[in-house]
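Participant: Going down the list, the protein sequences come from chains A and B.
Each residue of the first sequence is one higher than the last, beginning at 9 in the numbering used here.
Each residue of the second sequence is one higher than the last, beginning at 395 in the numbering used here.
We put the CB at the ideal spot given by N, CA and C, even for glycine.
Submitted below is the structure of interest, expressed as structure tokens.
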Amino acid sequence: MSFLIGTEAIAHVAFWIVVGLTFGGAVIAVFPRNIIYNVLGLVMALSGVAGLYLYLGSFFIALMQLLIYVGAICISIVFAIMLSRPLHLEVPKRSVPKVAMAAGASAIFFAAVVGVIFKSNWVPAPEQSGDWSVVTIGHLLLTRYDLVFEVISLVLLVAIIGAIVTAGYSRRFSS
Amino acid sequence: MGNEVGSEWIRLIVGAVIALAFASLNALFLVWLERKVAGHIQLRPGPKEVGPFGLLQTIADALKLVGKELITPSAADKKLFVIAPVLIFMPVLVGFLVLPFAPELIIRDMNLGVLLIFAFSTFSVLAILAGGWSSNNKYALLGAIRSVAQNVAYEIPLLLTVMSVVLMVNSLRFSEIVQAQGHIWFIFLQPVAGLIYLISATAETNRAPFDIPEAESELVAGFHTEYSGMRFGLFFLAEYTNMFIVSAVATSLFFGGWHGPFGFDMKIPGIVWFMLKTYFLIFVIMWVRWTFPRIRFDQLMNFSWKFMIPVSLANLLVTAVVLKFI
């Protein structure tokens, strides 16, 4: 294969495919007025992010992304959909203030992330260790990456509360 | 790019082609086996007309399926309806990448192989959901919803039992887990985990007595009611390949993979041991299907949330404590 395409080129192509998957999924997750499409778009975007982690050389984080975000969060969103209004009913029009508020919130978040990206001093990661034993992973998760670990559980909590609130609201409206 | 990277690519491509071919052949064989097992359990001969012992029956059926028209219901969501049967096949193929058939017969011996199989298994639930919902048929939708609820409930005990084994070996690499079972299989050290794994795996593959997503007596055919021709064939193929994968994972996690019992290899090659054990487990899953009646939805949920999850959690805790003090 080496005489056909270089590793570098393959990596570039893979990177842009993954970026396309992420952006395409994000667009599907936001714009269609069909909630099943939205969830599947979210799945696509999150799988794309998993691909980005893989591209950055972190196989563990990529698989965890799939397990937690696709496996747990998207499936709990599917639960919320099942508990909410019937799918065949006409979806109400998007209200302008809501869209504006959502756009504002995302703009603030985007600005914050971009700010952090420009402010922080990026250093190349040290040489990757080949030690993938469960003991090492567990130690790292509870020491160096403890904050990330805790924030992920917070995200799950928010997802569950969101599911309950969504389901509760629509039940009250329909009955 | 050196020779090593090149040979790695060739290994991957050859492995993927073999996996595809094997998946189809395996499904053909398993459908035949299922009908034979069902027949003999019900005191019938099963298929016997086409070929010796009816072995060619499923090939004839497959040809018929390929020749059939692909019907898309007019009210269905066209895009998702077409994608779903393709999507359900992806996680199944990923599984073959890391299965340890023999010491040197692994396509990629990844250091997180166990995690890989379970991370990708979520996609089959999403495919069932997409297929059932896009059919725009109430039976298909009910089947899809049941499937999601069931898979969420049974994935938790499944992962917890896998964790107990992973803790014992301190590795997520399949080859290391199998190597650790050279003298004694983990089913003898972790009988509770092994049993819970087999039960949850049966539920994860939507097999009877947990086949409520396609309960034919109440839901016509469940999530694939509206599918015809080879699209239906793909769902069918995925189910039987999934059965092979969960049995192969059970073989490598609990039944010693390529090792013979208690360190006696008897000069039989590893792959033969592996296949023997895997097909025996598949036979057990079929045996269960034709012996037990389908359980009710609430029984299914109660069994998982109120019994299997607490037991597997306790098993994991005990494993951790015992390992700490050994």
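What residues from chain A crowd round Val-513(B), counting only those whose CB sits closer than 9 angstroms?
Facilitator: Contrary to the premise, residue 513(B) reads as Ala rather than Val in this sequence. In chain order: Ala-58, Ala-70, Leu-71, Met-72, Gln-73, Leu-74, Leu-75, Val-78, Gly-79.
Participant: Considering only the beta carbon of each residue, do Gly-440(B) and Gly-448(B) sit closer than 8 angstroms?
Facilitator: It is a contact, given that the beta carbons lie within the stated cut-off.
Participant: Whose C-alpha, out of Phe-87(A), Ala-58(A), Phe-23(A), Arg-102(A), is nearest the C-alpha of Pro-40(A)?
Facilitator: The shortest Cα separation from Pro-40(A) among Phe-87(A), Ala-58(A), Phe-23(A), Arg-102(A) belongs to Arg-102(A).
Participant: Compare the C-alpha of Lys-472(B) against each of Ala-524(B), Arg-438(B), Val-519(B) and name the closest.
Facilitator: Residue Ala-524(B) is the option with its Cα nearest to Lys-472(B).
Participant: In chain A, which residues lie with their C-beta within 7 angstroms of the C-beta of Ala-524(B)?
Facilitator: Leu-48, listed in chain order.
Participant: Below 8 angstroms on the Cβ atoms is my guess for Phe-691(B) versus Ile-606(B); work out the distance and round it to an integer in Å.
Facilitator: Right, their Cβ atoms sit about 6 angstroms apart.
Participant: Beta-carbon of Ile-83(A) versus every beta-carbon of chain D: anything under 8 angstroms?
Facilitator: Annotation note: the requested chain D is absent from the structure, which comprises protein chains A and B.
Participant: Cβ atoms of Gln-451(B) and Val-444(B): under 8 angstroms apart, would you say?
Facilitator: Cβ atoms of Val-444(B) and Gln-451(B): closer than 8 angstroms.
Participant: Measuring only the C-alpha atoms, how far is Ser-698(B) from Val-682(B)?
Facilitator: Going from the Cα of Ser-698(B) to the Cα of Val-682(B) covers about 18 angstroms.
Participant: Which class does Trp-699(B) belong to by DSSP, given the choice of helix, strand or coil?
Facilitator: Three-state DSSP puts Trp-699(B) in a helix.
Participant: Quick check on this structure: which residue in Ala-543(B), Asn-600(B), His-653(B) has the alpha carbon closest to the alpha carbon of Phe-629(B)?
Facilitator: Closest by alpha carbon: Asn-600(B).
Participant: Report the residue ranges of all beta strand (DSSP E) runs contained in full by the region 32-109 of chain A; include only those spanning at least 3 residues, in chain order.
Facilitator: The region 32-109 of chain A contains no whole beta strand (DSSP E) run of 3 or more residues.
Participant: State the start and end residues of the unbroken alpha helix (DSSP H) segment that holds Lys-472(B).
Facilitator: Per DSSP, Lys-472(B) belongs to the alpha helix (DSSP H) from 472-481.
Participant: Would you report the Cα separation of Lys-671(B) and Ile-36(A), rounded to the nearest angstrom?
Facilitator: The straight-line gap from Cα to Cα measures roughly 44 angstroms.
Participant: For Met-660(B), is the classification buried or exposed, using 16 other Cβ atoms within 10 angstroms of its Cβ as the cut-off for buried?
Facilitator: Its Cβ having fewer than 16 others within 10 Å, Met-660(B) is exposed.
Participant: Straight-line CA distance for Val-166(A) to Ile-89(A)?
Facilitator: Those two C-alpha atoms are separated by around 16 angstroms.
Participant: What do you reckon, are the CB atoms on Ser-541(B) and Ile-482(B) nearer than 8 angstroms?
Facilitator: No, Cβ-Cβ distance for Ser-541(B) and Ile-482(B) is not below 8 angstroms.
Participant: Alpha helix (DSSP H) containing Lys-462(B): first to last residue?
Facilitator: From DSSP, Lys-462(B) is part of no alpha helix (DSSP H); its letter is neither H nor E.
Participant: For Ile-125(A), count neighbouring Cβ atoms within 10 angstroms of its own Cβ and tell me buried if that reaches 16, exposed if not.
Facilitator: Ile-125(A) comes out exposed.
Participant: May I ask you to report which of helix, strand or coil DSSP gives Asn-636(B)?
Facilitator: Helix.
Participant: Where does Tyr-153(A) sit, in a helix, a strand or coil, going by DSSP?
Facilitator: DSSP places Tyr-153(A) in coil when its eight states are reduced to three.
Participant: Could you give the DSSP three-state label for Pro-497(B): helix, strand or coil?
Facilitator: Three-state result, Pro-497(B): coil.
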